[in-house]
Amino acid sequence: MIVMLRDQLSDCPDRTALADHAGALTWRELADQVTAWRSAFAGAGLGAGDTVGILLTNGCAVFEALLACLHSGITVVPINQHLTEPEIAYILADSGATGLVTDRADSYGVKVFHPASLRPADPPESPPICGQLMVYTSGTTGAPKGVLNGLFNTGDPFDRVERLLGYAGRLLNVPDDGRVLLVGPWYHSAQLFFALMSLLRGSTLVIRERFDAEPILAVMEQERISHCHLVPTQFVRFLRLDELTRQRFDPSALRTIWHGGAACPQDVKRQMIEWWGPVLTEYYGASEGGAVTLIDSNEWLKRPGSVGQPIPPNEILIVDEDGHGLPVGETGRVYMRRPGRGFQYHNAEEKTRAAHLRPGVFTYGEIGHVDDEGYLFLTGRAQDMIITGGVNVYPAEVEAVLLRHPAVRDAAVIGTPDDEFGERVAAVVELASPVAFTELDVHCRSSLAGFKVPRQYRAVDSLPRENTGKIRKDLLQELIFP
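Following the working numbering, the numbering of the sequence shown begins with 2 at its first residue and continues without gaps.
Structure representation (structure tokens):
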């Protein structure tokens, strides 16, 4: 028995569970595939305590292998298919993986399992044991590090997982009867979390390999998609579609669009709400500890720019550089307090310590403040803060002003070395139409104190972003201001 699918197998075994570009699987067929994967792993001597990487593009096979690991006591490591060979080898070695599910020919020095070679099989003799997920961070400030997801723990009773799924599902509006679209890279923690939770709660998961705004809009309408996780970059691309295409789209099936992963410009979010209705739900979270705040569209319209109030039992703390608490309205480092646990990086004790103020109190690295009702507003990342002439400048504030100019499609602000001031504020912009930098300077000075106004501008065809929507500011430093 595939324990985490038992309700679906009992209630609706012949309903569609998964569908990708190649076809669909019912719950019964999915369970058979998971059983075949479990047998393949067991036949290779892999089981409780072992680690297996998955290196595949979006598709049904990802979730077949993933569920097999989670029923075999195996730690599963999602791997970004765009990584270089040395980067893939690093993750496999760092995680201690002895197996890899992939459709590539490379072996990487571990036991390889190819989806095309999978054959039907009887269940292995060993009973199902809960496995766990270890997601690797993006590594923009050093080598990526693995962090265990708290939803699954090796050897945990499956009923604990079911209780957590139910609790998280109710809080985050994860459906048990929806049609959920996965269009972002499955190996990113948020995409994986919402897709896997939806599947385990009983929703049909519709999978597409890549995002292209117009075809995906058509899929959403044709498939009557009710839920989807998107990032702000995808919102922008939807909004760039021609007016007729946008008007033809029927959003009536949409119930919740989760978004996070990067800051969303306020005008972009307003336009999406006006178009699709109040279905956007924003969270603040990270691979390390999951979502910690939440805000729906109606709340956000009353408090534009907020990422919401803490999700129980999380608490938000704003502290100064010395770790002392700051009052309401004052900007400082954002920490979360969660009873019982924080998180731990794999093979990185120093990095784990640096992320914790004390046990159970941890940070994702953001700067921000809370209002008098406990709503959190993020100003930027601590590592991105610019200190110019001894004064702090938060890039997100300057970026928000630049994005209000009609000629600016996208913007990133960074600090560059300056002999006199230590750092100077520099802006890199993606333009929607030609504009003189002097005009951008006047625009910024109308809204910002002089020390916050960029002293350098560069225009690029496209800002480097991760698939999560986060700008690779480390690359900007190297490429634009070497």
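Glycine included, C-beta positions come from ideal geometry on N, C-alpha and C.
Helix or strand or just coil, what does DSSP make of residue i?
i	result
Trp187	coil
Arg171	helix
Gln267	helix
Cys229	strand
Tyr346	strand
Asp297	strand
Ala25	strand
Thr364	coil
Asp475	helix
Ile55	strand
Val402	helix
Thr138	coil
Gly203	coil
His357	strand
Val335	strand
Ala18	strand
Arg180	strand
Val35	helix
Phe114	strand
Arg466	strand
Ile274	helix
Gly44	helix
Ala383	helix
Pro313	coil
His444	helix
Pro340	coil
Pro121	coil
Thr246	helix
Gly451	helix
Arg238	helix
Can you pull the DSSP bridge partners for residue i?
i	result
Asn393	Ile388
Gly326	Val320
Ser307	Phe378
Tyr457	Per the sequence presented here, residue 457 reads as Gln, with Tyr not at that position. Paired residue(s): Ala427.
His260	Leu231, Glu283
Ile130	Ser73
Ile415	Ala427
Leu432	Val409
Val63	Note: Val63 sits in no beta bridge, so no partner.
Leu149	Met135
Ile208	Leu183
Thr103	Leu56
Gly291	Ala287
Val78	Gly54
His370	Phe378
For residue i, count the other beta carbons within 10 Å of its own beta carbon; 16 or more makes it buried, fewer makes it exposed. Which is it?
i	result
His444	buried
Pro435	exposed
Ser40	buried
Val207	buried
Thr85	exposed
Asn299	exposed
Ile296	buried
Gln9	buried
Val329	exposed
His230	buried
Tyr168	exposed
Asn468	buried
Gln235	buried
Just checking my contact of residue i with residue j at CB under 8 Å: how many whole Å lie between their CB atoms?
i	j	result
Gly132	Ile80	With 8 Å as the limit, Gly132 and Ile80 do not qualify as a contact, their Cβ atoms being about 16 Å apart.
Leu68	Ile3	7 Å
Leu193	Leu166	That belief does not hold up - the Cβ atoms of Leu193 and Leu166 are roughly 14 Å apart, past 8 Å.
Thr205	His228	About 10 Å separates the two Cβ atoms, so there is no contact after all.
Leu31	Phe153	The Cβ separation is near 18 Å, so there is no contact.
Leu477	Pro465	7 Å
Pro233	Val269	6 Å
Gly451	Gly423	Actually they are not in contact, since the Cβ atoms of Gly451 and Gly423 sit about 16 Å apart, beyond 8 Å.
Does the ligand PLP have even one heavy atom less than 8 Å from the beta-carbon of residue i?
i	result
Gln384	Ligands in the displayed structure: none, and consequently the ligand PLP is not present.
Worksheet item: Would you call the stretch 325 to 337 and the stretch 255 to 272 in contact, with 3 or more CB pairs under 8 Å?
Response: With the cut-off at 8 Å, the stretch 325 to 337 and the stretch 255 to 272 do not touch.
Worksheet item: Between the stretch 273 to 288 and the stretch 350 to 364, do three or more beta carbon pairs fall short of 8 Å?
Response: At 8 Å Cβ cutoff, the stretches do not touch.
Worksheet item: Can we say the stretch 232 to 250 touches the stretch 54 to 71, given the rule of at least three CB pairs closer than 8 Å?
Response: Output reads no: the stretch 54 to 71 does not touch the stretch 232 to 250.
Worksheet entry | Inter-stretch contact (C-beta, 8 Å, three-pair minimum) for the stretch 369 to 376 and the stretch 303 to 311 | Short answer: they touch.
Worksheet item: At a cut of 8 Å, does the stretch 385 to 395 reach the stretch 409 to 416 through at least three beta carbon pairs?
Response: A contact is defined here as three or more CB-CB pairs under 8 Å, and the stretch 385 to 395 meets this definition with respect to the stretch 409 to 416.
Worksheet item: With contact counted as at least three CB pairs below 8 Å, one residue from each stretch, are the stretch 141 to 161 and the stretch 343 to 351 in contact?
Response: The stretch 141 to 161 is in contact with the stretch 343 to 351.
Worksheet item: Are at least three pairs of beta-carbons, each pair with one atom in the stretch 12 to 22 and one in the stretch 43 to 54, less than 8 Å apart?
Response: Taking a contact to require three or more Cβ pairs closer than 8 Å, the stretch 12 to 22 and the stretch 43 to 54 do not qualify as touching.
Worksheet entry | contact_flag[the stretch 169 to 189, the stretch 95 to 114] where n(CB pairs < 8 Å) is 3 or more | Short answer: they don't touch.
Worksheet item: Looking at C-beta atoms only, is the number of pairs between the stretch 453 to 469 and the stretch 425 to 432 that lie closer than 8 Å three or more?
Response: Judged by Cβ distances under 8 Å, the stretch 453 to 469 makes contact with the stretch 425 to 432, as three or more pairs qualify.
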